[in-house]
Amino acid sequence: MKNFFTLVFSVFALSAMAQNEVKIYFNHLMGDEALTMNTVTTADGGYELTFTRVEYYISGIQLIHDGGQVTDVADTYLLVDAETTNAVSLGTFNVEHLEGLKFYIGVDEAHNHLDPGSYPADSPLSPQIPTMHWGWASGYRFVCLEGWTAPGQSLIYQIHALGDDYYYANNLDADITAVNGELNIGLQANYLNMLLGIDVSSGLVVHGTYDEAIALLQNMSIAVFEIADFEFTATQDVLDKQAVSLFPNPANNLIQLKIDRPTNNDLQITIQDLSGKHLMALPGVIGMQEISVANLPAGIYLLRVTQNGSLVDVEKLVIGR
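Residue numbers (the working numbering): 1 to 321.
Here is the structure:
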């Protein structure tokens, strides 16, 4: 009996020790170089292009660890913006040694056709600017790739890929051990490989579930990502949800807006509708201010705060009269 209790205690102790925060650090590349928007690079076909937008959803994440155990990262959706997303925390899990990482590009069918307006404003599945939603029937855009091509970067290309039938998985091998309570995953993405077998040299606009959009999603599942060992220089990529508060919400004609930031350098505050249309620019000041919204009709809006070109927070504002 004594040995039994000793064994049980040891198991619980080991379990407690195995709790580690799992983080993903992104290394965004265009070929062998760091991804830089609006910078000319050379595609696999030998022609020049630039990237202006690379956004995609990651969901259905599974951690394969400690002798083949599989742990689901439930109800987690990442909206990765290759220009700004450096690191995300998946949460704390009973994982010591990671042997593999599985994830899907896009949004699973069970959530792909729900109302984006039903989610909190800080959810990746809530309305985004620019939009990531195609409509209730078709669901979310899984990937949005945009840029310029042709001599002088004179032609636009856009591939917006979506569709339940093209919700493809990545299966990546890993060999990562937790250190000091953290298990850090280096996820390297070469976005030139999104265009393998796809020629955009003459310009291209494809939005939907066909041809180049399907090929892009296939490339995203087999040719873009790898687990890699690189220097983690990212700080915090999670939105500071305490940076902005507003009340009352729902509002009538006036709102009290509080901005909590260290400085007001290049602080921009706007109110937009759910389509992303700019409606109001508010004073970029920190602290408390009273704002009149009397000229806005009843409805749902997004209050968006950026600083130095980076998103600080998005709050849903409801006006009802």
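We put the beta carbon where it would ideally sit given N, CA and C, even for glycine.
Residue j beta carbon less than 8 Å from that of residue i
i	j	result
leucine 196	aspartate 44	yes
leucine 254	isoleucine 286	no
asparagine 184	lysine 102	no
glutamate 226	glutamine 188	yes
leucine 317	asparagine 249	yes
isoleucine 269	valine 293	no
phenylalanine 51	methionine 37	yes
leucine 267	glutamate 315	no
leucine 303	isoleucine 271	yes
leucine 90	valine 200	no
histidine 113	tryptophan 148	no
tyrosine 168	tyrosine 104	yes
aspartate 175	glutamate 99	yes
threonine 39	glycine 31	no
Status (buried if at least 16 other CB within 10 Å, exposed otherwise) for residue i
i	result
valine 238	Only weak support exists for where valine 238 lies, its pLDDT of 40 falling under 50; the value from the coordinates is given anyway. Exposed: under 16 other Cβ atoms inside 10 Å.
alanine 34	exposed
valine 205	exposed
leucine 7	Because leucine 7 carries a pLDDT of 47, less than 50, the predicted location of this residue cannot be relied on, and no value is offered for it.
tyrosine 210	exposed
asparagine 308	exposed
valine 244	buried
valine 179	exposed
proline 262	exposed
threonine 177	exposed
leucine 311	exposed
asparagine 190	buried
threonine 235	Residue confidence is low: threonine 235 scores 43 on pLDDT, short of 50, so the model does not pin down where it sits. Its coordinate-derived value is still stated next. Threonine 235 is exposed by the Cβ-count criterion.
isoleucine 222	exposed
glutamine 242	With a pLDDT of 48 at glutamine 242, under the threshold of 50, the predicted position of this residue should be treated as unreliable, though the coordinate-derived value follows. Exposed, because fewer than 16 other Cβ atoms sit within 10 Å of the Cβ of glutamine 242.
proline 283	exposed
glutamine 128	buried
alanine 121	buried
isoleucine 319	buried
methionine 220	buried
valine 70	exposed
aspartate 182	The sequence shown places glutamate at residue 182, not aspartate. Glutamate 182 is exposed by the Cβ-count criterion.
threonine 85	buried
aspartate 240	Only weak support is given to the placement of aspartate 240: the predicted model assigns it a pLDDT of 42, under 50, and the value that follows is read from those uncertain coordinates. The residue is exposed, with fewer than 16 neighbouring Cβ atoms inside 10 Å.
methionine 288	exposed
Residue i versus the options, residue with shortest Cα-Cα distance
i	options	result
histidine 111	Leu125, Tyr104 and Glu182	Leu125
glycine 60	Pro283, Trp134, Ala178 and Ala74	Ala74
alanine 295	Ala251, Leu311, Ser310 and Val305	Checking the sequence, you will find asparagine at residue 295 rather than alanine. Asparagine 295 has its Cα closest to that of Ala251, out of Ala251, Leu311, Ser310 and Val305.
histidine 133	Leu79, Val88, Thr71 and Leu279	Leu79
isoleucine 300	Arg261, Ala150, Ile159 and Leu279	Leu279
serine 275	Tyr168, Pro116, Gly163 and Val224	Pro116
glutamate 231	Gly181, Thr71 and Ala87	Ala87
histidine 28	Val22, Glu55, Pro297 and Thr42	Glu55
proline 130	Gln289, Leu282, Pro283 and Asp273	Asp273
valine 224	Val22, Leu172 and His207	Leu172
aspartate 229	Gly203, Met220, Gly186 and Gly208	Gly186
glycine 106	Pro297, Arg321, Met30 and Ser138	Ser138
histidine 327	Ile198, Val22 and Ala161	The question about residue 327 has no answer, for the chain in this structure spans 1 to 321.
alanine 150	Asp72, Pro127, Ala121 and Tyr47	Tyr47
proline 297	Ile159, Arg321 and Ile24	Arg321
aspartate 165	Met194, Ile198 and Asp108	Asp108
Contact with chain B by residue i, beta-carbon distance below 8 Å
i	result
methionine 132	Here there is only one protein chain, and chain B is not present.
Practice problem: For the segment 63-74 and the segment 144-161, state whether three or more C-beta atom pairs, one from each stretch, are separated by less than 8 Å. | Solution: No: the two stretches stay apart, fewer than three of their Cβ pairs being nearer than 8 Å.
Exercise. Answer yes if the segment 17-27 comes into contact with the segment 87-99, meaning at least three C-beta pairs across the two stretches below 8 Å, and no otherwise.
Key: The segment 87-99 is in contact with the segment 17-27.
Exercise. Give, in chain order, every unbroken run of the beta strand (DSSP E) that is at least 3 residues long and sits entirely within the segment 229-310.
Key: Here the runs fully enclosed are 244-247, 254-259, 267-272, 278-282, 287-292 and 299-307.
Quiz prompt | Given 8 Å, three or more beta-carbon pairs between the segment 138-151 and the segment 215-224 | solution = With three or more CB-CB distances shorter than 8 Å, the segment 138-151 counts as touching the segment 215-224.
Exercise. Any chance you could list the beta strand (DSSP E) runs of at least 3 consecutive residues sitting entirely within the segment 54-107, in chain order?
Key: Here the runs fully enclosed are 69-72, 78-81, 87-94 and 97-105.
Practice problem: Scan the segment 159-224 and note each continuous alpha helix (DSSP H) run of 4 residues or more that stays entirely inside, going in chain order. | Solution: The segment 159-224 contains these whole alpha helix (DSSP H) runs: 212-222.
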